[in-house]
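A.B. asks: So that we are looking at the same thing, I have put the structure below in structure tokens.
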Amino acid sequence: MAELLDEVTDLLQQLIRNACVNDGRLESGQEQRSVDLLASYLEGSGADLERYEAAPGRSSLVARIEGSDPTAPSLLLMGHTDVVPVNADRWQRDPFGGELVDGEVWGRGAVDMLNETASQAVAFRRLAAEGFKPKGSLVYFAVADEEALGTYGAGWMVEHELDAVRADYVITESGGFRMPLPSTGGIKLPVMVGEKGTYWCRIRVKGTPGHGSMPLRTDNALVKAAEVVRRIADYRPETNIIDAWSQFVRRAELPAELADALLDPRRVREFADTFPDLGLARMVHAATHTTFAPTVMHAGIKTNVIPDTVDLEVDIRTLPGQLEEDVLAMIEEALGDMRKDVELSAASNDPATASPVETPLWDSIQRVTEGLVPGSTIIPFIIVGATDARFFRRAGMTAYGAGLFSDRISFTEFASMFHGDNERIDQDSLRLSTDLWLALAKDFLG
Ligand SMILES: [Zn+2]
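Sequential numbering from 459 applies to the sequence shown in our numbering.
Given below as structure tokens:
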């Protein structure tokens, strides 16, 4: 299997060097470069390849091994090819050099998620070249534009080319890392079964213009906006123990006292407020609450003019089952008597999604993972951000975030590398994830 490790390492290095940096502009990303790379890598393996272009240079690639039994469940492995921008000054190495140093590949995308995009391609090519004849179809999907809402990637494909990417089950980022949990009964590896929703709220605060030299008793929109921001920051929405969270806590086999605290709606908030590990505390809070983060404010036109309008933006993340009316009710509760001073509108409303935990794919991931990491158990988890899985769940498919990592890079380090500095992945993890996709395709699609 040494040659597979060389292949996945080399492919990942090339994907990193392609630097498909997506800053949200239509002309950024240019994922075509990595589609060319992956297509030439997969050509000649016997699989069917098809390219799709949502906008100039914004290409995605679909490769397919057709199943022999149309009634057997099919599986789509999806990896995005774009990456977020870097601040190169803060990196110890060239973020787009793809250097292999001491068993680690360095570069933007090494964990988010070119590692999986590369290992899925390597496993797929190996299966195709071996003449793998699955019952259900196996599809590999290298997708553009995950890092900016999926407009030219998964969103576009599900809307315009659904037949090309339709499958009963979908796997994408991110799971299989070792969480620092005080679990009993062996290693627990998360599989992402759902993700929170995004509601980006615009709040316009109204006032009355006046001269900056006579501020007494003026109706200053900026002064009002400061109070609006304070009220939103202080707002404490109800704790909400969703199904994915309680399944996670129960299956994690935590010490009873900790598990009780994490499942008790009256105690979770206090736990998050006082727990010493900030990263874990924030994650616990975000997984059990709707969150409100005021992030943008535009106000004023000139130092000597009392402003009459302030525009605020609030990043609100919702839990499964919450609708726009629930979000608006919470904002109104937060604003109280200031509701009359503001206008509310939604800049984007993308509800939360979740897939069931009890599925044949879940059982298959458990069998295969346990074979690769003896004594391990997979546990369900919810992503507090967003991934392309949401488009597929909304189209009626079961989608998980899965993967497999070694214990060489700690969880804290790993978490800080997502969109952070000095992103890198160890070769043991590349080997494990390649083996995961190979074994999973054989176990699940047979
Ligand atoms: Zn990602």
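Even glycine gets a Cβ: it sits at the ideal position worked out from N, Cα and C.
Quick check: A679 and P765, are their CB atoms within less than 7 Å of each other?
C.D. replies: Against a cut-off of 7 Å, the Cβ pair of P765 and A679 comes out as a contact.
A.B. asks: Reducing DSSP to helix, strand and coil, say where P648 ends up.
C.D. replies: strand
A.B. asks: Look up I474 in the DSSP assignment and say whether it is helix, strand or coil.
C.D. replies: I474: helix per DSSP, three-state reduction.
A.B. asks: Could you check where the alpha helix (DSSP H) with T746 kicks off and where it finishes?
C.D. replies: Taken as a continuous stretch (DSSP letters only), the alpha helix (DSSP H) holding T746 covers 736-746.
A.B. asks: Could you please give the first and the last residue of the uninterrupted beta strand (DSSP E) stretch that includes S864?
C.D. replies: In this chain, S864 is not harboured by any beta strand (DSSP E), its DSSP state being neither H nor E.
A.B. asks: Could you tell me the alpha carbon to alpha carbon distance between L738 and A744, rounded to whole angstroms?
C.D. replies: 10 Å
A.B. asks: Could you check the C-alpha separation between R851 and S813 for me, to the nearest Å?
C.D. replies: 7 Å
A.B. asks: Indicate whether the contact test is met: 3 or more Cβ pairs, each with one atom in the region 641-648 and one in the region 832-845, closer than 8 Å.
C.D. replies: yes
A.B. asks: State yes or no: is the C-beta of L596 within less than 7 Å of the C-beta of I699?
C.D. replies: In this structure, L596 lies away from I699, with their beta-carbon atoms at least 7 Å apart.
A.B. asks: Which residues in the same chain have their Cβ closer than 7 Å to the Cβ of F869, if we skip the five residues on either side of it in sequence?
C.D. replies: F635, R636, M637, P638
A.B. asks: In chain order, which beta strand (DSSP E) runs of at least 3 residues are fully inside the region 575-650?
C.D. replies: 596-601, 627-630
A.B. asks: Identify every residue that forms a DSSP beta bridge with L751.
C.D. replies: Residue identity check: residue 751 is Ala in the sequence provided, not Leu. Its beta-bridge partners are D773.
A.B. asks: Taking 7 Å as the threshold (C-beta atoms), are M796 and V616 in contact?
C.D. replies: Using a Cβ distance threshold of 7 Å, V616 and M796 do not count as a contacting pair.
A.B. asks: Does the Cβ of D570 lie closer than 6 Å to at least one heavy atom of ligand 1?
C.D. replies: At least one heavy atom of ligand 1 is nearer than 6 Å to the Cβ of D570, so yes.
A.B. asks: Between Y657 and T776, how many whole angstroms is the CB-CB distance? I'm expecting something under 8 Å.
C.D. replies: 6 Å
A.B. asks: What residue range does the alpha helix (DSSP H) around Y858 cover?
C.D. replies: Premise fails: Y858 lies in the beta strand (DSSP E), 856-859, not in any alpha helix (DSSP H).
A.B. asks: With a cut-off of 8 Å on the beta carbons, I'd call Y499 and L469 a contact; round off their distance for me.
C.D. replies: 6 Å
A.B. asks: Using the C-alpha atoms, what's the distance from L720 back to R694?
C.D. replies: Approximately 17 Å between the Cα atoms of the pair.
A.B. asks: Hey, how far is the Cα of G779 from the Cα of E557?
C.D. replies: 44 Å
A.B. asks: Check whether the Cβ of E653 lies closer than 6 Å to any heavy atom of ligand 1, and answer yes or no.
C.D. replies: no
A.B. asks: For a test of your reading of the model: does the CB of E631 fall under 6 Å from any non-hydrogen atom of ligand 1? Yes or no.
C.D. replies: yes
A.B. asks: Could you name the residues of the same chain whose beta carbon sits closer than 8 Å to that of M755, not counting the 5 residues immediately before and after it, in chain order?
C.D. replies: A683, V687, V768, D769, L770, E771
A.B. asks: Measuring CB to CB, does N480 end up less than 7 Å from S492?
C.D. replies: Taking 7 Å as the Cβ cut-off, N480 and S492 do not qualify as a contacting pair.
A.B. asks: How is I789 classed by DSSP in three states: helix, strand or coil?
C.D. replies: helix
A.B. asks: Between which two residues does the beta strand (DSSP E) holding S671 run?
C.D. replies: No beta strand (DSSP E) contains S671, which DSSP labels as neither H nor E.
A.B. asks: Quick check on DSSP: helix, strand or coil for M536?
C.D. replies: strand
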